[in-house]
Amino acid sequence: MRTILRATAAGAVLAFAAFGANAQTVKLAFIDPLSGLMAPVGQNQLNSWRYIADLANQKNWAGGPKFEIVPFDNKLSPQESLNALKQVIDQGIRYVLQGNGSSVALALADAIAKHNERNPGKEILYLNYAAVDPDLTNSKCDYWHFRLDANSDMKMEALTTFLAKDKNVKNVYLFNQNYSFGQAVAKAAKEYLARKRPDIKIVGEDLHPLAQVKDFAPYVSKIKAAGTDTVITGNWGSDLALLIKAAKDAGLTANFYTYYGATTGVPTAMGAAGEERVKYVGYWNVNNEKFVGADVAMGFNKKYKDDYYTMATYTGIAMLAKAFKETKSTDPVKVAAALEGMKVQSLNGEVEMRKSDHQAQQPLYIAKWVKLNGKDVKYDQENTGYGWKTEVVLDTYVAAQPTSCQMKRPK
Amino acid sequence: MAAGVLRYQPLNLARWIIWGGTAVLMAALPLVFTQGFAITVISQMGVAIIFTLSYNMLLGQSGMLSFGHAVYSGLGAYIAVHTLNLAAKGQFWMPVSLLPLVGGLAGAFFGVLFGYVTTKRAGTTFAMITLGIGELVGSCSLMFPDFFGGEGGITTNRVFGQPFLGITFGPAIQVYYLIALWCIASMALMYAWSHTPLGRMANAVRDNPERAEFVGYDTQKVRWLTLIISAFFAGIAGALTAINFEIVTAENVSAVRSGGVLLAAFIGGVGFFFGPIIGACVFVYFVVALSVHTKAWLLYLGLFFMLMVMFAPGGIASLIMMQVQLIARKRFGRIARHYLAAGASGLMVLAALILTVEMTYKISVDSATGTLMKLFGMEFDAAAGTAWAVAIGLWIVGGWLFNLACLRVARVWGEIQTEFVEGRA
Amino acid sequence: MEFFLISLLNGVSYGLLLFMLSSGLTLIFSMMGVLNFAHASFYMIGAYLAYTLGLKLGFFPALFLAPILTGLFGALIERFGLRKVHRYGHVAELLFTFGLAYLIEESVKVIWGLASMPYRIPAVLDGPLFTLYTTSFPKFRGFMMLVALAMLFSVYLLLMRTRIGLVIQAALTHPQTVEALGHNVPRVFMLVFGGGTALAGLAGVIGGAAFITEPSMAASVGPIVFVVAVVGGMGSLAGAFLASLLIGIVQTFAIALDWSLAGMLAAVGIGVTESTPLYSLWKLQLSQVAPVLPYLLLVLMLIFRPKGLLGTRAD
Numbered sequence: 018m019r020t021i022l023r024a025t026a027a028g029a030v031l032a033f034a035a036f037g038a039n040a041q042t043v044k045l046a047f048i049d050p051l052s053g054l055m056a057p058v059g060q061n062q063l064n065s066w067r068y069i070a071d072l073a074n075q076k077n078w079a080g081g082p083k084f085e086i087v088p089f090d091n092k093l094s095p096q097e098s099l100n101a102l103k104q105v106i107d108q109g110i111r112y113v114l115q116g117n118g119s120s121v122a123l124a125l126a127d128a129i130a131k132h133n134e135r136n137p138g139k140e141i142l143y144l145n146y147a148a149v150d151p152d153l154t155n156s157k158c159d160y161w162h163f164r165l166d167a168n169s170d171m172k173m174e175a176l177t178t179f180l181a182k183d184k185n186v187k188n189v190y191l192f193n194q195n196y197s198f199g200q201a202v203a204k205a206a207k208e209y210l211a212r213k214r215p216d217i218k219i220v221g222e223d224l225h226p227l228a229q230v231k232d233f234a235p236y237v238s239k240i241k242a243a244g245t246d247t248v249i250t251g252n253w254g255s256d257l258a259l260l261i262k263a264a265k266d267a268g269l270t271a272n273f274y275t276y277y278g279a280t281t282g283v284p285t286a287m288g289a290a291g292e293e294r295v296k297y298v299g300y301w302n303v304n305n306e307k308f309v310g311a312d313v314a315m316g317f318n319k320k321y322k323d324d325y326y327t328m329a330t331y332t333g334i335a336m337l338a339k340a341f342k343e344t345k346s347t348d349p350v351k352v353a354a355a356l357e358g359m360k361v362q363s364l365n366g367e368v369e370m371r372k373s374d375h376q377a378q379q380p381l382y383i384a385k386w387v388k389l390n391g392k393d394v395k396y397d398q399e400n401t402g403y404g405w406k407t408e409v410v411l412d413t414y415v416a417a418q419p420t421s422c423q424m425k426r427p428k
Numbered sequence: 017m018a019a020g021v022l023r024y025q026p027l028n029l030a031r032w033i034i035w036g037g038t039a040v041l042m043a044a045l046p047l048v049f050t051q052g053f054a055i056t057v058i059s060q061m062g063v064a065i066i067f068t069l070s071y072n073m074l075l076g077q078s079g080m081l082s083f084g085h086a087v088y089s090g091l092g093a094y095i096a097v098h099t100l101n102l103a104a105k106g107q108f109w110m111p112v113s114l115l116p117l118v119g120g121l122a123g124a125f126f127g128v129l130f131g132y133v134t135t136k137r138a139g140t141t142f143a144m145i146t147l148g149i150g151e152l153v154g155s156c157s158l159m160f161p162d163f164f165g166g167e168g169g170i171t172t173n174r175v176f177g178q179p180f181l182g183i184t185f186g187p188a189i190q191v192y193y194l195i196a197l198w199c200i201a202s203m204a205l206m207y208a209w210s211h212t213p214l215g216r217m218a219n220a221v222r223d224n225p226e227r228a229e230f231v232g233y234d235t236q237k238v239r240w241l242t243l244i245i246s247a248f249f250a251g252i253a254g255a256l257t258a259i260n261f262e263i264v265t266a267e268n269v270s271a272v273r274s275g276g277v278l279l280a281a282f283i284g285g286v287g288f289f290f291g292p293i294i295g296a297c298v299f300v301y302f303v304v305a306l307s308v309h310t311k312a313w314l315l316y317l318g319l320f321f322m323l324m325v326m327f328a329p330g331g332i333a334s335l336i337m338m339q340v341q342l343i344a345r346k347r348f349g350r351i352a353r354h355y356l357a358a359g360a361s362g363l364m365v366l367a368a369l370i371l372t373v374e375m376t377y378k379i380s381v382d383s384a385t386g387t388l389m390k391l392f393g394m395e396f397d398a399a400a401g402t403a404w405a406v407a408i409g410l411w412i413v414g415g416w417l418f419n420l421a422c423l424r425v426a427r428v429w430g431e432i433q434t435e436f437v438e439g440r441a
Numbered sequence: 287m288e289f290f291l292i293s294l295l296n297g298v299s300y301g302l303l304l305f306m307l308s309s310g311l312t313l314i315f316s317m318m319g320v321l322n323f324a325h326a327s328f329y330m331i332g333a334y335l336a337y338t339l340g341l342k343l344g345f346f347p348a349l350f351l352a353p354i355l356t357g358l359f360g361a362l363i364e365r366f367g368l369r370k371v372h373r374y375g376h377v378a379e380l381l382f383t384f385g386l387a388y389l390i391e392e393s394v395k396v397i398w399g400l401a402s403m404p405y406r407i408p409a410v411l412d413g414p415l416f417t418l419y420t421t422s423f424p425k426f427r428g429f430m431m432l433v434a435l436a437m438l439f440s441v442y443l444l445l446m447r448t449r450i451g452l453v454i455q456a457a458l459t460h461p462q463t464v465e466a467l468g469h470n471v472p473r474v475f476m477l478v479f480g481g482g483t484a485l486a487g488l489a490g491v492i493g494g495a496a497f498i499t500e501p502s503m504a505a506s507v508g509p510i511v512f513v514v515a516v517v518g519g520m521g522s523l524a525g526a527f528l529a530s531l532l533i534g535i536v537q538t539f540a541i542a543l544d545w546s547l548a549g550m551l552a553a554v555g556i557g558v559t560e561s562t563p564l565y566s567l568w569k570l571q572l573s574q575v576a577p578v579l580p581y582l583l584l585v586l587m588l589i590f591r592p593k594g595l596l597g598t599r600a601d
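Printed below as a string of structure tokens:
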């Protein structure tokens, strides 16, 4: 009798869930800095998610469910992110979006794994759209974590492949912030360059404290004294902008290969100082061959007076929508299973969420900071009159990396 | 300030009631606040209470203004988390419930080390050395990834081994009770400390170092010992943070933490033992809960702090004690209605302030999605003239009324004080 | 040689900027005994004001107006805030400025937004001043040095050769006597605080253009300004000048040197490998720790010579 009752109750719940799925709104918790040093970047990315969510809702990508982004300010602090996660759990939100800072990503991935293990039936799915520490999809990989961005090793692979073809590159200088990400960039650069172009000399390597240096002129004269023609740097924020400004002031003519040249604030700060010498490696550039996604970028610009560059938001929503449609459910357990190995057409081409480590595989772009010319560089960034010119699009396989991940899947 | 008059000396019975009441309150809180987030908040308040009280051993009781107290709690947290990880691997036996002791000892160890250097001087010089050491340790935390775990910090899992009496420390509620136990114990110990000869000497060194030295005490040694004990309790707080979050990152030793504990202690009131307890709760509320509602939470916190410094340098605790004095002498009723008036007009000023800040914020930071906003349950356009007119009106009317009410309060207050003096004479 | 000369120039010019930043702090401290925690916030205000004014008026009028406005703001803060706290003692004043720093940073965010401002060097001052061998020395750095020296000179003249300067100096050592002689000491305090913050504002006009104008700019220079004022000796302008140059040059040259303890040990025949205990400490290069050297200097200075290089009092 009791079992029957329970079964009926469960059936009723299921039926209700299925019924609700049609007009249901799926909340996605956005946990990133909205106050403090990194707030401009966080705000831009929040707007990017919102814009794409609106787009998906209008065009009904998910075949029923609507997306809603719920922001939580984590102040770029891992501990505050865990507080935010508690709120997310309280509010019954089952999807988490986060990107800024691998420290936060590692903390969140770990906490979500523990939560899912301790609270079956309340699983949370974590979409990481920008934290690039390779560990997250290797030694510390987790079933509930999906990375939409290319990790730092993949970007370095792409960057060095491109660099190796340039015969003018002879003396490379590695300039990074002294913390895990900067050190990883320096290590990968040395390893990959030695493999691809053993003749290239690493003429110098610097690790400077994160966000503490005000005057980069001494570093620049050191770089210059080493006879550098190419600088590889994982610096971001003011550490990157100030470096490029100082380089221009001292008349350093080297090229800068960066990871974060196109993030909010850097274009404004570097302005003309970076012309023709700053490049970035990333997964998309609005000034691509056919200007795919330019309509999105323009619409975004019109609505938020800001630039759309976090294209992973497009990939992320597209993947979720497809998973909702395929599984006819918004249950993270089913969605997670559907996301494994999923392929979607995003703005940069086909993106595959690799099953073995939950690392998105996608084409990578290398672009150069140049004046607008109306031909191949139509769109500028931060109203500077400068934009990114696509130098090369590298096919997915070029940057693909083996993984050491041993994924533990729930039974 | 009439600190001498307001000396808090309850009967022993009252003391037992207060401590017992606190314990019961802490035990009952999770029954009222059952949500996961609320448990997190009260857990953090418990940790913050220990940390802020330990800070006040320096600032309030020994007159040492430190800008680097997070060094001790942070390093304590790191040592604790490494210990926990080793224990989880089975390298030695160490129950989670005793881990705060490890953190405390680690904190005390660094207290011995850094304290030897910092406590050589008092006053502003002490403040500056702690600032320097705080910056040094903060920078080191990113330079030595082996120990500090770099950007990602050190993660851990507090659930290991066989559950003892069904306690695994997996659920947040069990961690809360662990924190509550340690919190009560630390509070009692720190209160007891303030009545030991060393605690009394610390007060003497704060008030008149020359005289303390003449009496034959080595002021530097008193400061050093106080700092070591303070660092011990800071370390306990650090270890509890590690257990609570299961991660320790560089922010635990950062200058932001050090500044935060200073704010908390001062807002609560450094002149009374229970001041920092209030301060810790208010501060955690500001940081964790208020930031959910507004992006300008730091602005409100800064403003609140400034107002406290300017108008109530004794902190919330001193404000409470002033009322206790009135209630005890049955004069509170006379001033209460003026308080009510001041409170009501103060609310108007507060509303004006919130309206102004939030509307400016909306326009300058968040205007991309339009200037429509929601506040106090009403929806309106931040760019519209009417909203601003309301704000300005509130400022003028509220400000005028508030000023009036405050003058009244001050006058009545003065009258009552005069009566006391005359009554005594 | 080229590297040495350029590094020296870089060090000196950076040192001079530090001096511009810390001279106001030193002035305020020497006069009022207040360690102004919010000093760097006035630097930020100067930069933001200069940017906003510069949009309408151009860089050079802003160069004069922004510091004056910053100074006025500082004077108002003193008059209606700090003076109220004065009676509670120096710790309360320190706490007041500590809170003020929070408040200014947040207010700047509320007014100007969170992003960095496109505040740039004016075209006249953009470009190389001269080229030393192959490295160019930018005009703006030269201008920065010029302004700093002009400031040093005029502050010196003001303090040594004018009546108000003499009063300030007298009030430094004998405030009661000065008050007894009929000088309005609170007003002198207000003037000094306004003047000191105006100097920070001037540094902001220059520093904001040379580096980045953003809400975190105050927090990023705040501690280092303290270091300069403390190392130089609290209240000594000459000491601050010396300390600024010292820190500027030491930091610049430390960056250039890739020495590490491991290297030194290797030189005397002790091999250090990754398996050596504390390897991460041994392999740390001098250039890596360069930016934290000032704090080390601060701690050492306070332990061994708490009155600073040229200071007169120890507490």
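Protein sequence lines, in the order shown, are assigned to chains B, G and Z. Just so we're on the same page, the working numbering is the position in the first sequence counted from 1, plus 17. Just so we're on the same page, the working numbering is the position in the second sequence counted from 1, plus 16. Just so we're on the same page, the working numbering is the position in the third sequence counted from 1, plus 286. Beta carbons: idealized from backbone N, C-alpha and C, even for Gly.
The three-state secondary structure of PHE475 (chain Z), taken from DSSP, is helix.
ALA86 (chain G) is positioned such that its CB atom lies closer than 8 Å to that of VAL277 (chain G). By DSSP's assignment, ALA46 (chain B) forms a beta bridge with B:VAL87, B:VAL113. One Cα belongs to ALA228 (chain B), the other to LEU260 (chain B), and the distance between them is close to 12 Å. Apart from sequence neighbours up to five positions away, the residues of its chain that approach THR280 (chain B) with a beta-carbon distance below 8 Å are VAL58, TRP253, GLY254, TYR326, ordered along the chain.
Against SER402 (chain Z), the close residues of chain B are GLY282, THR285, ALA286, in the order they occur along the chain (beta-carbon pairs closer than 7 Å). Excluding residues up to 5 positions away in sequence, ALA333, TYR334, TYR337, SER402, MET403, TYR405 lie with their Cβ nearer than 7 Å to the Cβ of THR499 (chain Z) in the same chain.
Using beta-carbon distances, LEU584 (chain Z) counts as an interface residue toward chain G, with a partner under 8 Å. Under the three-state reduction of DSSP, GLU500 (chain Z) is assigned to coil, being neither helix nor strand. For ALA384 (chain B), the enclosing beta strand (DSSP E) stretches over residues 381 to 388.
Interface criterion met: the Cβ of GLN574 (chain Z) is under 8 Å from a Cβ in chain G. Contact check between the stretch 348 to 361 of chain Z and the stretch 372 to 389 of chain Z: fewer than three CB pairs, one atom from each, fall below 8 Å, which does not count as touching. At a cut-off of 8 Å, the C-beta of LYS105 (chain G) has no neighbouring C-beta in chain Z. Pairwise C-beta distances place the stretch 584 to 597 of chain Z in contact with the stretch 516 to 525 of chain Z, as three or more of them are shorter than 8 Å. Listed in chain order, the alpha helix (DSSP H) runs fully inside the stretch 272 to 315 of chain G are 291 to 300, counting runs of at least 4 residues. In this structure the stretch 231 to 248 of chain G touches the stretch 212 to 223 of chain G; the number of beta carbon pairs closer than 8 Å is three or more. In this structure, the beta-carbon distance from SER309 (chain Z) to LEU523 (chain Z) falls below 8 Å. With its beta carbon less than 8 Å from one in chain G, SER393 (chain Z) belongs to the interface. Put simply, the stretch 308 to 322 of chain G does not touch the stretch 333 to 351 of chain G. Fewer than three CB pairs are less than 8 Å apart.
Distance check between ILE189 (chain G) and each of B:LYS103, B:LEU210, B:THR247 places B:LYS103 closest, using alpha-carbon atoms only. Here ILE412 (chain G) is exposed. Its C-beta has fewer than 16 other C-beta atoms within 10 Å.
For LEU335 (chain G), the closest Cβ of chain Z is not nearer than 8 Å. The Cβ neighbour count for LEU41 (chain G), taken over all protein chains shown within 10 Å, is under 16; the residue is labelled exposed. The contact set of ALA312 (chain G) on chain Z, defined by CB atoms closer than 9 Å, consists of GLU392, LYS395, VAL396 in chain order. From the listed residues G:TYR192, G:LEU147, G:ASN101, the smallest Cα separation to ILE170 (chain G) is found for G:ASN101. Separation of the CB atoms of TYR403 (chain B) and VAL387 (chain B) is rounded to 7 Å, and the pair is thereby assigned contact status at 8 Å.
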